[in-house]
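Asker: For the protein sequence lines, the chains are V and W, in the order given. Quick note: the first sequence uses my numbering, first residue 9, plus one each step. Quick note: the second sequence uses my numbering, first residue 9, plus one each step. We put the CB at the ideal spot given by N, CA and C, even for glycine. Just so you know, these numbers come straight off a predicted model, no measurement behind them. Can you read through this structure? Questions will come right after.
There are 2 protein chains.
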Amino acid sequence: MTHHDAQPSTDAEQSSNATLPHILICNDDGIEADGIHALATAMKKVGRVTVVAPAEPHSAMSHAMTLGRPLRIKEYQKNGRFFGYTVSGTPVDCIKVALSHILTEKPDILVSGINYGSNTATNTLYSGTVAAALEGAIQGITSLAFSLATYENADFTYATKFARKLTKKVLAEGLPADTILSVNIPNVPESQIAGVIIAEQGSSRWEEQAIERHDMFGNPYYWLSGSLQLMDHSMKKDEFAVRHNYVAVTPISCDLTNYAALAGLEKWKLKK
Amino acid sequence: MTHHDAQPSTDAEQSSNATLPHILICNDDGIEADGIHALATAMKKVGRVTVVAPAEPHSAMSHAMTLGRPLRIKEYQKNGRFFGYTVSGTPVDCIKVALSHILTEKPDILVSGINYGSNTATNTLYSGTVAAALEGAIQGITSLAFSLATYENADFTYATKFARKLTKKVLAEGLPADTILSVNIPNVPESQIAGVIIAEQGSSRWEEQAIERHDMFGNPYYWLSGSLQLMDHSMKKDEFAVRHNYVAVTPISCDLTNYAALAGLEKWKLKK
């Protein structure tokens, strides 16, 4: 069994010109999520699309990868047509397997999403959607992550329009090394979008982190739970901006070094 | 069933003075790993210790947390003595459940490890050991992650000595907000340790990311695999320093914003 990115497409929307950019699409909600279908449809107007996504939902999987068991690749059809490939693992697994065993060329850009729920503030660290894009950046691929700030009544109309526009801009301009754009879009009609803010990752904390329940034997078990409490209230911060109907575009780095802290630590003069 | 951090200890090494710092210990290799036992023994000379660790190994789980199923807490004994608590989830789950349902006070410091294998360069993003410490920082707890740069013949003698010394220093000095120290220690005797370097996260890439095999039906499956290729060769970078027998102390931030990229993106003048 071999895999090719140049699948014969029967989809009239699919751009087939080999000179068009090749766009790798992934997500963390899984290949059945509406968000990835909306994104793929939009991206087929920008270039050649290959979808590689988790077979099952993998929200909050962060940069997890699968070491303890093997992975399977399957072709996935929608309405009787080839749509893309599923991998039986995490979003990061998808990128690794796509680059090593599905694609026959390095893609021009990786686009992850569209995620259900914002990936802002502290959620940036938990997000599989963002992690897939960071994995792309690690592999030297220009990468974007898109999230829609809602868990219900998702309307991808404006989000896909903005994603298409920004993807074209990034293909033209490029991005700094080791850096992705994490894009969070309010779930409102275009007329209510206040504008676009180049944003910083906000601070947030989850209140009430786990709730306790009891099973039929009276033994306790715990569900992770809680609500996101914003720690900063500035329009420069991603979550605050999105809550005020701005699109937040945040440059996220896969270099986690706190460079500002280096000088202070040097003064400790640590010895072995 | 209730949980208390002030377990009646029968361990003569356990410091019992309530004025001593309270140290929360976690890891990603699971509660049976030698590294967490070595670390707990060392930390009992610094303060009061509570161990909360995954019941099973969770290497490469990054900042994943468990949303789709409930978690269980169990007491774990070693040689007939209470050692700590297991949580049936990821390292990040452990921290969340420890703070919400095991500890009755906020710990003074969180110490994660000692991990088998370095958590340097790109592996910083994949590491559950680092993620547990970052989760501590998000919760406002001073946090450290310790890793020993080997997968075999681990000798924790020097690593635990350095961990004890650094933990005392950090308890005295504190750390910048939203920042942990990720500490990587060579697996050599103290006499061969070249010194301590305040390091930056290096760049690296995994070569050959997944290998293909075939099952008894001839169908392919894939194991994530490969070797870490260093992209930079400077003693200021964590992995390079460790490979040259330096202890690397790297300040790692849970704010992933690439601030240097903000001005360039502003020039794009993105419109909605």
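Does DSSP put W:C34 in a helix, a strand or coil?
Answerer: strand
Asker: Reducing DSSP to helix, strand and coil, say where W:G121 ends up.
Answerer: It is a strand residue.
Asker: Report all residues from its chain with a CB closer than 7 Å to the CB of W:P197; omit the five preceding and five following residues, and keep chain order.
Answerer: Y166
Asker: Does the beta carbon of W:A48 sit closer than 8 Å to a beta carbon anywhere in chain V?
Answerer: For W:A48, the answer is no, since every Cβ of chain V falls outside 8 Å of its Cβ.
Asker: Is W:K102 close to chain V? Criterion is C-beta to C-beta, closer than 8 Å.
Answerer: Sequence check: residue 102 of chain W is Cys here, not Lys. Answer no: the Cβ-Cβ gap between W:C102 and chain V never drops below 8 Å.
Asker: Span of the beta strand (DSSP E) holding W:F91?
Answerer: R89 to V95
Asker: What residue range does the alpha helix (DSSP H) around V:K104 cover?
Answerer: P99 to V105
Asker: From the DSSP output, read off the bridge partner residues of W:A256.
Answerer: W:N192 and W:I205.
Asker: May I have a chain-ordered list of the alpha helix (DSSP H) segments no shorter than 4 residues that lie completely inside the segment 35–76 of chain V?
Answerer: DSSP runs (the alpha helix (DSSP H)) wholly in the segment 35–76 of chain V: 42–51.
Asker: Use the C-beta contact count for V:Q209: other C-beta atoms within 10 angstroms, 16 or more gives buried, fewer gives exposed.
Answerer: buried
Asker: Tell me whether the segment 192–206 of chain W and the segment 94–104 of chain V touch, counting them as touching only if at least three CB pairs, one residue from each stretch, are closer than 8 Å.
Answerer: No contact exists between the segment 192–206 of chain W and the segment 94–104 of chain V.
Asker: Determine, using beta-carbon pairs with one atom in the segment 24–40 of chain W and one in the segment 136–145 of chain W, whether at least three such pairs fall under 8 Å.
Answerer: yes
Asker: Do V:L152 and V:V191 have their C-beta atoms closer together than 8 Å?
Answerer: Less than 8 Å divides the Cβ of V:L152 from the Cβ of V:V191.
Asker: Which residues bound the beta strand (DSSP E) around W:R221?
Answerer: A218 to H222 is the span of the beta strand (DSSP E), which, as asked, contains W:R221.
Asker: Run the CB neighbour count on V:A20, radius 10 Å, all protein chains shown included, and call it buried at 16 or more, exposed below.
Answerer: Annotation note: pLDDT 43 at V:A20 (below 50); position unreliable, coordinate value reported separately. When all chains shown are included, V:A20 counts as exposed.
Asker: Out of W:P184, W:G38, W:C262 and W:T130, state which residue places its alpha-carbon closest to the alpha-carbon of W:I146.
Answerer: W:C262
Asker: Count the other CB atoms, across all protein chains shown, that sit within 10 Å of the CB of V:F170; report buried if there are 16 or more and exposed otherwise.
Answerer: buried
Asker: Of all the residues that make up the segment 255–274 of chain V, which are near chain W by a beta-carbon distance shorter than 8 Å?
Answerer: V255, V257, T258, P259, I260, S261, C262, D263, L264, T265, N266, Y267, A268, A269, L270, G272, L273 and E274
Asker: In or out: V:M9 buried (at least 16 other Cβ within 10 Å) or exposed?
Answerer: Any answer about V:M9 is weak, because its pLDDT of 41 lies below 50 and its placement is not dependable; what the coordinates show is given next. Classification for V:M9: exposed.
Asker: Could you tell me which of W:T74, W:G76, W:H66 and W:E83 sits nearest to V:L75, measuring between CA atoms?
Answerer: W:H66
Asker: Over the uninterrupted alpha helix (DSSP H) stretch that includes W:K86, give me the two end residues.
Answerer: From DSSP, W:K86 is part of no alpha helix (DSSP H) but of the beta strand (DSSP E) over I81 to K86.
Asker: With 8 Å as the limit, tell me which residues of the segment 208–234 of chain V have their beta carbon closer than that to any beta carbon of chain W; keep them in chain order.
Answerer: E208, Q209, S211, R213, W214, E216, Q217, A218, E220, R221, N227, P228, Y229, Y230, W231 and L232
Asker: Thinking C-beta only, is V:I149 closer than 8 Å to V:L174?
Answerer: no
Asker: Are any of the Cβ atoms in chain W nearer than 8 Å to that of V:E160?
Answerer: no
Asker: Do we get a CB-CB distance below 8 Å when we pair W:R172 with the residues of chain V?
Answerer: no
Asker: Count the other CB atoms within 10 Å of the CB of V:T265; is the residue buried (16 or more) or exposed (fewer)?
Answerer: buried
Asker: Measure the C-alpha to C-alpha separation of V:L111 and V:M73 and round it to an integer number of angstroms.
Answerer: 19 Å
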